[in-house]
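Going line by line, the protein sequences match chains A and B. In terms of the working numbering, the first sequence opens at residue 1 and continues consecutively. In terms of the working numbering, the second sequence opens at residue 284 and continues consecutively. For every residue, glycine included, the Cβ atom is placed at its ideal position computed from N, Cα and C. Single-structure report; data block below.
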Amino acid sequence: MKSKVSANQEMPLEAVMTPRHEPPCESWVSRKRAQILPLGTAVVILVLWEVLGRTMNWNPLFFSYPSKIWGGFIDLADGPLLSDLRVSGTEFALGMALSILIAVPIGLAMGSLRNLYYAMDPLVTALYSTPVLVLAPMLVIWFGLGISSKVAIVVILSTFPMMINLTEGVRNTDRALLRAARSFGATRWRIYRDVLFPAVVPFFVTGLRLAIGRAMIGVVVGEYIASTSGIGYQINSDAEVFATSRYLAGVAVILVFSVATMEILKVLERRLAPWGHASRAQE
Amino acid sequence: MTGVHLQNGSRAAAKMPVDTAADPAARSAPLIAVSNLTFWYGRTLVLENVSFEVPDGEFLSIIGASGCGKSTLLQILDGILRPTEGTVLVRGRAVGTVRDNSRAMVFQNFALFPWKTVLDNVRLGLDYRRRDLTRKQRMEIARHYLDRVGLAAAESLYPYQLSGGMQQRVGLARAFAVQPDMLLMDEPFGALDAQNAELLREDLHALVAEEHRSVIFVTHNLDEALQLSGRILLMSSSPGRIFEDIPLAAQKLDVDHWIHEQQGQYRTRIWDFLKTEVASAQGRQVRQR
């Protein structure tokens, strides 16, 4: 039985604010509008961009448009794109893995142990809110031009949003649930397994989303500063020689990667925390 | 005996073993005996010199103004908080010294785990306390109590998909499922609308009678207390003390007489006390500002 029993259902704000008297429309377009509308926006922008590019005859050194960028992409794909993606992907994956390994235990411990929280919170907050990218040149000096320096940049950028979110997740765990677990005789391990870990999942996913965005900035900026390969390096090289179409094709690759990663995260969140979306909708 | 037999899914026949079961002296002791209990929270004296006993099978309500320490008292009885002074004995043994199955709590805001299905929520206490049973047996017991509160069809739903009344039914099923000697209920119907609360009171009354459980029921609602209880403890506040112990069970035997005459008299008496308590608490708040 999967149907909802009560009226506690998620209701769009629009429906609450504008009472409707006609029966709800059940057409395919109406049901799929959450997917159709953003696609529509993208198509309109691309068409306008293309028309402007073809009609305005702007200097191709400073401006490009979708069909030319597609050409640039083909050019990139025939050339260094795959090896650049492999390098950048490795930097991203290694950096994120290390960040998770650092952030999860420290974040959970800071949330659970009050003294550790008091001791560490100002430092963590400072490192999170400071634009630590300014440390990137020093990290390049320390770790060299290879992937190590980019991994280090990703780590200093991505660790703290996850750490802060995990700490807050533990600290915001519903006290009534902890009390209920203890009241029914849960051991310390079962309290972690049944209460704290599930309670922090939505916070962790939010931290992960922030961390991924920052990691991509870290990879690209790290490669901009000093590198011999990678998608950031490629974009920078193309920009320097005014290969605008190839340069924008590189940007588009990053854009597609970002959107795909965020969509995967959304699916992951729904799988890991099926209760989270609806309960947040109620708040 | 460790197994729990559910015949035709209709009734949990066997009682859970309690650590004290083998000790005849412990069995003859009152289910709960609180003596000279005092509790300080930081520099605030919350409870002072509270003493009472609860025998098997009694439905005891505790009434008092907000902040009189009723919920704190319940948490001490549950072993979550430790008394600063005094003792709480469960069947003659100090509470918290043994992990037993004598008590189960029902919470005001249900305290259901949002990430667990209804069935898994009901199974929770069994999973923690009854590792001697197989998973299948625990499921069977949980399903029985879920059915008993009328939510058999909702077992695979999550709490957010249920109304408040249904969520508290799950809370009741979870507490009954561990088959405790005593239920500790902290304003269990306080968050519900009047109709759902009335329905749940009827169900609780039936379940308690059917399963022969004792109950300590903390409430603000004096009509609720008069309707359900065999005895009422009236608590004064700042610090919380037992002001009056009102036995109702004997009068309730003559149901018609009770309903028409006695209930009204008791209601007036308790309400007169509560009015003074609430007014003096408000006076204190104003002075503190």
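Which partner residues of residue i appear in the DSSP bridge assignment?
i: M388/B; result: L467/B
i: D528/B; result: L516/B
i: T130/A; result: Note: T130/A sits in no beta bridge, so no partner.
i: T370/B; result: S318/B
i: G523/B; result: L330/B
i: W323/B; result: L328/B
i: S344/B; result: F500/B, I515/B
i: R376/B; result: V373/B
i: E168/A; result: Answer is none; E168/A lacks a bridge partner.
i: V337/B; result: I315/B
With distances taken from CA atoms, which of the options is nearest residue i?
i: G547/B; options: L557/B, L517/B, L505/B; result: L505/B
i: L455/B; options: Y428/B, G473/B, E336/B; result: Y428/B
i: A480/B; options: A458/B, V491/B, M449/B; result: M449/B
i: R457/B; options: R412/B, S334/B, I529/B, D555/B; result: R412/B
i: S183/A; options: A316/B, N332/B, V389/B; result: V389/B
i: G213/A; options: T167/A, A226/A, E263/A; result: E263/A
i: T167/A; options: R114/A, D194/A, E91/A, V151/A; result: R114/A
i: D339/B; options: E423/B, I499/B, P442/B; result: I499/B
i: T125/A; options: L157/A, V151/A, S148/A, L98/A; result: L157/A
i: A186/A; options: A387/B, V432/B, G408/B, W323/B; result: G408/B
i: Y549/B; options: V333/B, T321/B, Q510/B; result: Q510/B
i: A316/B; options: L364/B, V373/B, C351/B, F342/B; result: V373/B
i: D121/A; options: K266/A, L52/A, I106/A; result: I106/A
i: E223/A; options: V47/A, L94/A, K150/A, R31/A; result: K150/A
i: W323/B; options: T502/B, F335/B, E341/B, R365/B; result: R365/B
i: P241/B; options: G362/B, S385/B, S344/B, S334/B; result: Coverage of chain B is limited to positions 284 through 572, which leaves residue 241/B absent and any answer about it impossible.
i: L94/A; options: A249/A, S148/A, V220/A; result: S148/A
i: F393/B; options: I363/B, Y443/B, Q478/B; result: Y443/B
i: E50/A; options: R31/A, W70/A, V251/A, P80/A; result: W70/A
If you count every other CB in all the chains shown that lies within 10 Å of the CB of residue i, and 16 or more means buried, which is it?
i: P471/B; result: buried
i: N404/B; result: buried
i: E560/B; result: buried
i: P274/A; result: exposed
i: K558/B; result: exposed
i: D555/B; result: exposed
i: D348/B; result: Before going on, a small fix: residue 348/B reads as Ala here, not Asp. Under this definition A348/B is a buried residue.
i: A460/B; result: buried
i: L490/B; result: buried
i: W398/B; result: buried
i: R406/B; result: buried
i: K353/B; result: buried
i: A34/A; result: exposed
i: M62/A; result: It should be pointed out that residue 62/A corresponds to Phe in this sequence rather than to Met. Classification of F62/A: exposed, given that the 10 Å Cβ count is below 16.
i: G207/A; result: buried
i: M110/A; result: buried
Please report the Cβ distance between residue i and residue j, rounded to the nearest whole angstrom; I am assuming they are in contact, meaning their Cβ atoms lie under 8 Å.
i: R426/B; j: A435/B; result: 7 Å
i: P161/A; j: L116/A; result: Rounded, the Cβ-Cβ distance is 19 Å, inconsistent with contact.
i: A215/A; j: M163/A; result: About 14 Å; that fails the 8 Å criterion.
i: L531/B; j: S512/B; result: 6 Å
i: G232/A; j: S64/A; result: Incorrect: roughly 19 Å between the Cβ atoms, too far for contact.
i: L356/B; j: L330/B; result: 6 Å
i: G218/A; j: A199/A; result: With 8 Å as the limit, G218/A and A199/A do not qualify as a contact, their Cβ atoms being about 29 Å apart.
i: Q451/B; j: L475/B; result: 6 Å
i: I515/B; j: S334/B; result: Going by Cβ atoms, the distance from I515/B to S334/B rounds to 16 Å, so no, they are not a contact pair.
i: E91/A; j: G230/A; result: 7 Å
Output the residue ranges of the beta strand (DSSP E) runs that lie fully inside the stretch 381-467 of chain B and measure 3 residues or longer, sorted by chain position.
386-389
Mind pulling the alpha helix (DSSP H) runs of 4 or more residues that sit fully within the stretch 192-241 of chain A?
197-225, 231-240
What are the start and end residues of each continuous beta strand (DSSP E) run of 3 or more residues lying completely inside the stretch 465-514 of chain B, in chain order?
465-469, 497-502
Taking only runs of the beta strand (DSSP E) that begin and end inside the stretch 103-152 of chain A, which ones reach a length of at least 3 residues, in chain order?
none
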